[in-house]
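Participant: Sending over a structure as structure tokens; questions will come in a sec.
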Amino acid sequence: MGHGRTAPAHDARDGPSANTAVRPPSPHPHATLGSWGAYKGGEDDWGSVPHVLLPPPPPAAPFPHLTSRAPGDRCTAFSAAPWRRARTASPPPLAAMAEVSFTKRAAAELSRCFNGLAVRAKGGLQHESPATSGNNAGGNNARRGRGGGGTGNAAAAAPTTGRGVGPATANAAVTTAATPRDPAAAVASSNNAVVVAAAAASSRPRNAAEMLSYPEFLSRLFSHFRGRERLPLASVCRAWRDALYDPRHWRDMAASLRCRELRLETADVRRRLLESLERRGVDAVVLVGATDDDLADVVSLGAALLSRARLVALRCSSVSDRGLESLLAASPRVSSLELFGCNELTDAGLWAALRPTVTSLTLADCINVADETLAAVAQLLPALRELNLQAYHVTDASLAHLGGGGLGSQLVVLRLRSCWELTNQGLVQLVQAVPQLRELSLSGCTKISDDGVELLAENMRQLRVLDLSWCPRITDASLEFIACDMTQLQQLTLDRCMQITDVGLGYLSTIPNLSVLYLRWCTQIRDYGVEHLCTMKSLRILSLAGCPHITTQALTALSQLRQLQELELTNCPGATAGLVAFLHEQLPHCLVID
1 MGHGRTAPAH
11 DARDGPSANT
21 AVRPPSPHPH
31 ATLGSWGAYK
41 GGEDDWGSVP
51 HVLLPPPPPA
61 APFPHLTSRA
71 PGDRCTAFSA
81 APWRRARTAS
91 PPPLAAMAEV
101 SFTKRAAAEL
111 SRCFNGLAVR
121 AKGGLQHESP
131 ATSGNNAGGN
141 NARRGRGGGG
151 TGNAAAAAPT
161 TGRGVGPATA
171 NAAVTTAATP
181 RDPAAAVASS
191 NNAVVVAAAA
201 ASSRPRNAAE
211 MLSYPEFLSR
221 LFSHFRGRER
231 LPLASVCRAW
241 RDALYDPRHW
251 RDMAASLRCR
261 ELRLETADVR
271 RRLLESLERR
281 GVDAVVLVGA
291 TDDDLADVVS
301 LGAALLSRAR
311 LVALRCSSVS
321 DRGLESLLAA
331 SPRVSSLELF
341 GCNELTDAGL
351 WAALRPTVTS
361 LTLADCINVA
371 DETLAAVAQL
381 LPALRELNLQ
391 AYHVTDASLA
401 HLGGGGLGSQ
411 LVVLRLRSCW
421 ELTNQGLVQL
431 VQAVPQLREL
441 SLSGCTKISD
451 DGVELLAENM
461 RQLRVLDLSW
471 CPRITDASLE
481 FIACDMTQLQ
491 QLTLDRCMQI
501 TDVGLGYLST
511 IPNLSVLYLR
521 WCTQIRDYGV
531 EHLCTMKSLR
541 ILSLAGCPHI
551 TTQALTALSQ
561 LRQLQELELT
571 NCPGATAGLV
581 AFLHEQLPHC
591 LVID
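For the sequence shown, UniProt numbering gives the first residue as 1, with consecutive numbering after it.
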């Protein structure tokens with residue numbers, strides 16, 4: 001199941017390649033790191049993130065390739081890219097931002113827990129004080145029948161004892177009150193309370209070294225890190241490794257199974273692999289390079305894993321309609337289905353295999369996907385909320401099917417990428433079928449022009465996210481329509497829209513809630529356009545990558561945007577070292593990518 005394809009040409013938006021061959025300790029001969037990317041919004045815009053693979057605890061089970069995913073995220077890819085993980089709202093932060101967030105989360109958790117440790121340490125010292133000794137003596141007196149003295153000492157010691165002593169004191173007082181009714185029961189209860197309190201106090205960490213191996217602390221600390229960030233942590237010590245193998249840390253992992261390599265293993269190894277994934281709570285299964293025989297093997301040996309799977313994905317697999325049907329029949333709880341490069345699947349197969357539980361569907365680079373496919377989707381998936389389609393043969397007629405079968409009332413996210421045959425006429429069908437969309441992508445739909453955008457703006461005023469990247473016919477007129485009607489828009493992507501000028505940015509500057517704006521390789525933008533951007537106080541993320549005519553002086557004015565969190569200036573001649581240093585100083589909380 002290898003990722004044997006060549007990645008697309010590196011774009012200015014791409015992050016640094018991270019196809020690193022790291023091999024943590026593992027008994028599995030193929031447990032190396034694969035390549036998993038994150039889709040950022042454009043047709044060929046892909047970054048790379050390695051799979052996450054933790055060293056297994058004894059007894060070790062063979063390990064698949066793992067990658068992290070956020071709840072609700074999907075694994076999306078196009079034909080020219082390795083496995084990817086999409087984000088629906090904004091591009092994932094790059095390595096520098098990940099390191100910053102990593103440090104901040106760790107520092108906050110450590111500071112909070114160490115402060116609590118100091119409080120407990122203070123209480124522990126008081127536990128040894130004469131006042132506490134009096135309290136203990138009072139408890140002993142109570143057990144000997146001298147309840148009055150014991151009660152008095154306990155009451156006097158209560159305000160001065162630390163957290164470790166409070167529960168024992170309270171229990172002693174209650175026991176003393178019960179003594180006249182049942183002395184024997186009171187003595188037993190008091191003894192048990194003292195033992196429990198002492199055990200609880202002794203199990204708490206008393207210093208920083210014990211804190212860093214305390215299971216409860218480690219579990220809370222590691223919950224602040226993503227899967228890739230946890231990778232080196234598992235190699236620190238056994239306590240950290242064991243804590244990281246808690247099932248709660250595996251819920252955001254997707255197991256990527258390379259079928260070609262799995263075929264080389266025995267049936268027992270494959271069975272133990274699938275069982276280990278099920279025990280760890282993995283609920284996302286990705287099969288790469290699978291055949292019908294591979295699917296039959298997974299269905300047979302991994303029935304428990306598939307029965308709990310929420311996400312099932314096939315990539316570059318020669319799977320027939322019958323194979324897909326058997327896989328989905330064994331996955332009754334699947335809610336997200338992703339099919340990439342499965343060229344043997346037909347419309348008839350989808351009609352037979354699709355399950356009404358699916359709420360997110362991705363079809364990319366499947367050559368047999370055509371207009372009838374959307375008809376099947378509309379009829380069989382009434383609960384579908386998210387549809388991602390990359391198909392070169394889909395025409396305007398297919399969009400009319402989206403309103404049929406009750407689908408239109410549920411669908412809120414629609415991404416139509418590289419659908420070259422879609423025209424403005426198709427958008428007429430679209431606004432009638434799904435007027436309630438919150439996110440729409442027409443990236444790479446090269447026949448869409450200003451007239452189509454005007455239609456969208458007038459009929460989809462509730463849109464929050466709009467992607468018009470790689471639409472070369474879009475001009476400043478489209479931006480005027482968007483600014484006038486889409487006042488709730490929060491994210492706009494206009495990468496490679498070469499006809500956009502400073503005038504269009506003037507229109508965009510009037511959108512009150514626009515917080516994310518991508519203008520990569522919009523080569524006609526100049527200094528005057530940047531002046532308009534400086535008035536947008538709601539901007540949080542801005543990309544001007546590949547804009548060659550913006551000068552250093554204009555970029556300096558971006559320091560006025562105090563609320564910026566991310567600024568991308570790659571391939572900008574005006575982004576000099578001095579400018580970047582100035583922006584770092586003026587915008588200390590902003591990640592400047594140069």
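Quick reminder that beta carbons are idealized off the backbone N, C-alpha and C, glycines included. Note that the structure is a prediction, hence the values are computed from the model and not measured.
1. Thr362: buried (16+ other C-beta within 10 angstroms of its C-beta) or exposed?
2. Could you spell out where the beta strand (DSSP E) holding Ile593 opens and where it closes?
3. Kindly indicate which three-state DSSP category Ile525 falls into: helix, strand or coil?
4. Could you check whether the stretch 244-263 touches the stretch 319-335, counting it as contact only if at least three pairs of C-beta atoms, one from each stretch, sit closer than 8 Å?
5. Report, in whole angstroms, the separation of the C-beta atoms of Arg526 and Ile550, which I expect to be a contact under 8 Å.
6. Report the three-state DSSP secondary structure of Thr253 (helix, strand or coil).
7. Hey, how far is the Cα of Leu257 from the Cα of Ser538?
8. Would you kindly report the start and end of the unbroken beta strand (DSSP E) that includes Val285?
9. At what residues does the alpha helix (DSSP H) containing Leu273 begin and finish?
10. Quickly, what does DSSP pair Leu492 with across the bridge? List them, please.
11. To test your reading of the DSSP string, which unbroken beta strand (DSSP E) runs of 3 or more residues are found completely within the stretch 430-488?
12. Taking buried to mean at least 16 other C-beta atoms within 10 Å of its own C-beta, is His589 buried or exposed?
13. Of the residues Leu564, Asp594, Leu440 and Cys237, which one's Cα is nearest the Cα of Thr552?
14. Check whether chain C comes within 8 Å of Leu381, counting only Cβ atoms and requiring the distance to be less than that.
15. Nearest by alpha-carbon distance to Arg241: which of Ser336, Ser300 and Leu212 is it?
16. If you compare alpha carbons, which of Thr373, Gln410 and Asp451 is closest to Asn424?
17. Report the partner residues of Phe340 according to the DSSP bridge assignment.
18. Helix, strand or coil for Val298 per DSSP?
19. Looking at the structure shown, is Gln499 part of a helix, part of a strand, or coil, going by DSSP?
20. What number of angstroms, rounded off, separates the C-alpha of Ser441 from the C-alpha of Glu325?
21. What beta strand (DSSP E) runs, 3 residues minimum, are completely inside the UniProt domain "F-box" (215-253)?
22. Can you give me the start and stop residues for the alpha helix (DSSP H) that Arg206 sits inside?
23. Grab the span of the alpha helix (DSSP H) containing Val413 for me, first residue to last.
24. Flag this pair as yes or no: are the beta carbons of Pro356 and Pro332 separated by less than 8 Å?
25. For Arg496, does the count of other Cβ atoms within 10 angstroms reach 16, so buried, or fall short, so exposed?
26. Could you give the distance in angstroms between the alpha-carbon of Asn459 and the alpha-carbon of Arg270?
27. Using the C-alpha atoms, what's the distance from Ala375 back to Pro215?
Facilitator: In brief:
1. buried
2. Leu591 to Ile593
3. coil
4. no
5. 6 Å
6. The question names Thr, yet the displayed sequence has Met at residue 253. Strand, per DSSP.
7. 43 Å
8. Ala284 to Val288
9. Ala267 to Arg279
10. Leu466 and Leu517
11. 439-441 and 465-467
12. exposed
13. Asp594
14. No chain C appears in the structure shown, which is made up of a single protein chain.
15. Leu212
16. Asp451
17. Arg315 and Ala364
18. helix
19. coil
20. 29 Å
21. none
22. Neither: Arg206 is in no alpha helix (DSSP H) and is coded neither H nor E.
23. Where Val413 is concerned, there is no enclosing alpha helix (DSSP H), although the beta strand (DSSP E) it sits in stretches over Val413 to Leu416.
24. no
25. buried
26. 52 Å
27. 52 Å
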